[in-house]
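With the first letter of the sequence shown counted as 1, position 406 gets the number 406 in our numbering; the numbers rise by one all the way through. The beta-carbon is built from N, C-alpha and C at its ideal position, and this holds for glycine as well. Here is the structure we will look at, set down as C-alpha cells.
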Amino acid sequence: MEENFLYYGDNLDILRRHIRDETIDLIYLDPPFKSDQDYNILFAERNGSKAAAQIKAFDDTWHWDKVSAAAYEEIVETGTQQVAQAMRAFRTFLGETDMMAYLAMMAPRLVAMHRVLKPTSSIYLHCDPTASHYLKMLMDAVFGIKNFRNEIIWKRTDAKGNVQKKYGWIHDRLLFYTKTNVWTWNQQYIPYDKEYIEQFYNKIDKSGRRYQATDLTAPMVRASKGQVYSWKGYTPPPSRCFVYNKEKMTKLEKDGKIEYTKTGCPRYIRYFDEMEGNKCPDIWTDIKIAQKNERLGYPTQKPEALLERIIKANSNEGDLILDPFCGCGTAIVVAQRLNRQWIGIDITHLAVALMKHRLHDMFGDKVQYKVVGEPVSLPDAKALAEYDPYQFQWWALGLVGARPIEEKKGADRGIDGRLYFHDETDSKKGKTKQIMLSV
Numbered sequence: 001m002e003e004n005f006l007y008y009g010d011n012l013d014i015l016r017r018h019i020r021d022e023t024i025d026l027i028y029l030d031p032p033f034k035s036d037q038d039y040n041i042l043f044a045e046r047n048g049s050k051a052a053a054q055i056k057a058f059d060d061t062w063h064w065d066k067v068s069a070a071a072y073e074e075i076v077e078t079g080t081q082q083v084a085q086a087m088r089a090f091r092t093f094l095g096e097t098d099m100m101a102y103l104a105m106m107a108p109r110l111v112a113m114h115r116v117l118k119p120t121s122s123i124y125l126h127c128d129p130t131a132s133h134y135l136k137m138l139m140d141a142v143f144g145i146k147n148f149r150n151e152i153i154w155k156r157t158d159a160k161g162n163v164q165k166k167y168g169w170i171h172d173r174l175l176f177y178t179k180t181n182v183w184t185w186n187q188q189y190i191p192y193d194k195e196y197i198e199q200f201y202n203k204i205d206k207s208g209r210r211y212q213a214t215d216l217t218a219p220m221v222r223a224s225k226g227q228v229y230s231w232k233g234y235t236p237p238p239s240r241c242f243v244y245n246k247e248k249m250t251k252l253e254k255d256g257k258i259e260y261t262k263t264g265c266p267r268y269i270r271y272f273d274e275m276e277g278n279k280c281p282d283i284w285t286d287i288k289i290a291q292k293n294e295r296l297g298y299p300t301q302k303p304e305a306l307l308e309r310i311i312k313a314n315s316n317e318g319d320l321i322l323d324p325f326c327g328c329g330t331a332i333v334v335a336q337r338l339n340r341q342w343i344g345i346d347i348t349h350l351a352v353a354l355m356k357h358r359l360h361d362m363f364g365d366k367v368q369y370k371v372v373g374e375p376v377s378l379p380d381a382k383a384l385a386e387y388d389p390y391q392f393q394w395w396a397l398g399l400v401g402a403r404p405i406e407e408k409k410g411a412d413r414g415i416d417g418r419l420y421f422h423d424e425t426d427s428k429k430g431k432t433k434q435i436m437l438s439v
C-alpha cells in the first residue's frame with residue numbers, strides 16, 4: 001500500500017472491508033473515553049476573536065441497547081476464547097450497563113486492529129482512568145498478556161483549583177502493546193534538566209566542555225576473558241576488574257577519554273555534549289497540551305509532540321501508521337511530517353473536512369492522499385442528505401473550505417456556514433471579510 005488514505009465511515013466497517021491482514025506498522029487510537037460528555041468544536045475566528053458558534057462534534061455517552069447487545073453477542077460467538085471469556089466476565093460483573101455497551105463497541109474493533117497489524121508492529125491505546133482498567137483487561141485478551149509493554153502516564157496539565165473532595169485529575173494513560181515479542185523500537189530520549197547537568201556533569205575541560213569521570217571497573221562476577229589485568233601501574237581491588245579489555249582501554253587513552261585520579265586510578269571521560277539524554281521513562285511530564293499554534297478547536301486534540309514520540313519510537317520512515325479514531329488528524333499530520341505512510345478514519349464529515357484543511361494548510365500540494373467514503377456523484381450526495389442532513393451539510397461546506405456554524409433557526413437566518421477571506425484590493429487591507437453560506 002503506497003497511498004495515504006482518509007476514510008469517512010465506521011472504523012469497524014473500514015477495517016474489515018478495506019485494510020488487508022498484516023499491513024499496518026503502528027496503530028495509535030484515541031477512542032471516546034466513556035466519560036458521558038458531549039464534545040463541541042469551538043471555532044475561533046481567523047481575526048483572533050473568540051468564536052460565537054460551536055458545533056457538536058460527537059458524544060461519548062454509550063447505552064446498552066439492541067445494537068450493543070448484538071455487538072456483544074457477535075464478539076462472544078466469533079472472537080477468540082480469551083476475548084469471549086473476557087467479555088462474558090465483563091457482562092457478569094457490569095451487567096447491561098453503559099460501560100458494558102462501551103466495551104462491546106471497543107472489543108470487535110480491537111480484534112480487527114490485531115488482524116491488520118504486522119508481526120513486528122505496535123499499538124497505543126490512549127485513554128483515561130474512567131475506563132482504562134477495563135480496556136487493559138480487554139487488550140490483554142486480544143493481544144496477549146505477554147505482549148503488554150507499558151502503561152504510560154502522560155501528565156497533560158497542572159492541577160485544577162476547583163477540584164472538590166478528590167485529587168485533581170491531570171493525566172491520561174497510554175496502553176502500549178505489541179503483536180509479538182519482536183517489534184520495531186527506536187529508543188527515545190528526554191533532555192537532562194539543569195540541576196542534573198550541574199550535579200553530574202560538574203567538570204569542565206580546557207576547551208570548556210562539560211563532562212563527568214566515571215568508574216572503569218566492574219564487579220569481578222561480571223569478568224570475562226581479557227578484563228583482569230593492570231593498567232599503567234594500577235590494579236583494581238581483588239573483587240573488581242576492568243570494564244574493557246586492554247585493546248579498548250588503549251583506544252580510549254588515544255581518544256583522550258581517560259583521566260587519572262591522584263592514586264593513578266583511570267576514569268572514563270563522558271562528555272555531556274555527546275549524551276543523547278535520559279532514556280524516556282513511562283511517566284511523561286515534558287509534553288504539554290496542544291500549543292496555541294496547533295489548536296484547531298477540536299475537543300480531544302492531542303499535542304503533536306506526543307504523537308511524534310510514539311511514531312518515532314515504533315516506526316521507521318516509509319512505515320504505515322493507522323489512526324482509526326482520527327478526529328482532527330494529529331496522528332496523520334505527524335506521520336506525514338515524519339515521512340510515514342498513513343491511514344485515518346473518522347465517522348463524521350466534520351472531522352474529515354477539518355483534516356483535509358489541516359493537511360493542506362501544513363503541506364500544501366506536497367501531501368498526496370485519497371479520500372474514501374465521501375459522495376462522488378449526485379446520487380451519492382442525495383443519499384447522504386436523506387440519511388443524515390447534518391453530515392451532508394458539513395460535507396458540502398467542507399468542499400469550499402467554509403466553517404460550519406450551529407445556531408437556532410431564526411437567529412441564523414438560514415446561515416449554515418461562513419467563509420472568511422481578505423480582499424487585497426480593499427483600501428482597508430488586513431480587514432477580515434466573510435461570505436455567508438446556506439446549504
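Can the beta-carbon of Asp30 be found closer than 8 Å to that of Ile153? no
Using a beta-carbon distance below 8 Å, is Ser207 in contact with chain B? Going by chain labels, chain B is absent from the structure shown, which holds only one protein chain.
Between Asp412 and Arg17, what straight-line distance do the alpha-carbon atoms span, to the nearest angstrom? Residue confidence is low: Asp412 scores 49 on pLDDT, short of 50, so the model does not pin down where it sits. Its coordinate-derived value is still stated next. For Asp412 and Arg17, the distance between alpha carbons rounds to 40 Å.
Around the Cβ of Phe242, are there at least 16 other Cβ atoms within 10 angstroms (buried) or fewer (exposed)? buried
Opening and closing residue of the beta strand (DSSP E) in which Arg460 lies: Outside the displayed range of the chain (1 to 439) lies residue 460, so it cannot be described from this structure.
Straight-line gap, Val371 to Phe5 (C-alpha atoms, nearest Å): 6 Å
Buried/exposed call for Gln341, threshold 16 Cβ in 10 Å: buried
What are the start and end residues of the beta strand (DSSP E) that includes Tyr102? Careful: Tyr102 lies outside any beta strand (DSSP E), inside the alpha helix (DSSP H) at Asp98 to Val116.
Using 8 Å as the threshold, is the C-beta distance between Tyr271 and Arg209 below it? yes
For Gly48, name the three-state secondary structure that DSSP assigns. Because the pLDDT of Gly48 is 42, which lies under 50, any placement of that residue in the model is unreliable, and the number read from its coordinates should be weighed accordingly. Three-state result, Gly48: coil.
What distance in whole Å lies between the Cβ atoms of Ile345 and Cys326, which are believed to be in contact at a cut-off of 8 Å? 6 Å
Just how far apart, CA to CA, sit Trp231 and Asp140? 52 Å
Local Cβ density within 10 Å of Phe93, reported as buried at 16 or more and exposed below that: exposed
Can you give the Cα-Cα distance for Phe43 and Arg358, rounded to whole angstroms? A caution first: Phe43 carries a pLDDT of 38, below 50, which makes its placement in the model unreliable, though a value can still be read off. Cα-Cα distance, rounded: 14 Å.
Since I believe Leu216 is in contact with Pro481 (beta carbons under 8 Å), could you give me their beta-carbon distance rounded to a whole number of angstroms? Because the chain in this structure spans residues 1 to 439, residue 481 falls outside the shown range and cannot be described.
Which residue wins for smallest C-alpha separation from Ala112, given the options Lys433, Ala353, Ile332 and Leu322? Leu322
Kindly examine the ligand HEM and report whether one of its heavy atoms sits closer than 7 Å to the Cβ of Val334. Annotation note on the ligand HEM: not contained in the displayed structure, which lists no ligands.
Residue(s) in a DSSP beta bridge with Met122: For the record, residue 122 in the displayed sequence is Ser; it is not Met. Answer is Leu26 and Thr178.
Between which two residues does the beta strand (DSSP E) containing Tyr134 stretch? Here Tyr134 belongs to no beta strand (DSSP E); instead the alpha helix (DSSP H) covers Ser132 to Phe143.
For Trp185, count neighbouring C-beta atoms within 10 Å of its own C-beta (all shown protein chains included) and say buried if the count is 16 or more, exposed if not. exposed
Take Ile289 as the anchor and find which of Lys366, Asp21, Pro303 and Glu276 has the nearest alpha-carbon. Pro303
Sheet register partners of Gln82 (DSSP bridge): Answer is none; Gln82 lacks a bridge partner.
Indicate the three-state DSSP secondary structure (helix, strand or coil) for Gly364 in the structure shown. helix
Looking at Ser121 and Ile24, is the spacing between their C-beta atoms short of 8 Å? yes
Which residues bound the alpha helix (DSSP H) around Lys251? Lys246 to Lys254
Beta-carbon within less than 6 Å of Asp98's beta-carbon, same chain only, minus the 5 sequence neighbours each way: which residues are those? Trp62 and His63
Candidates Gln336, Val352, Lys254 and Ile287: which alpha carbon is nearest Pro191's? Ile287
If you follow the beta strand (DSSP E) that Ile19 is part of, which residue opens it and which one closes it? Note, Ile19: premise wrong, no beta strand (DSSP E); not H, not E.
Cβ of Asn150 within 8 Å of Cβ of Lys179? no
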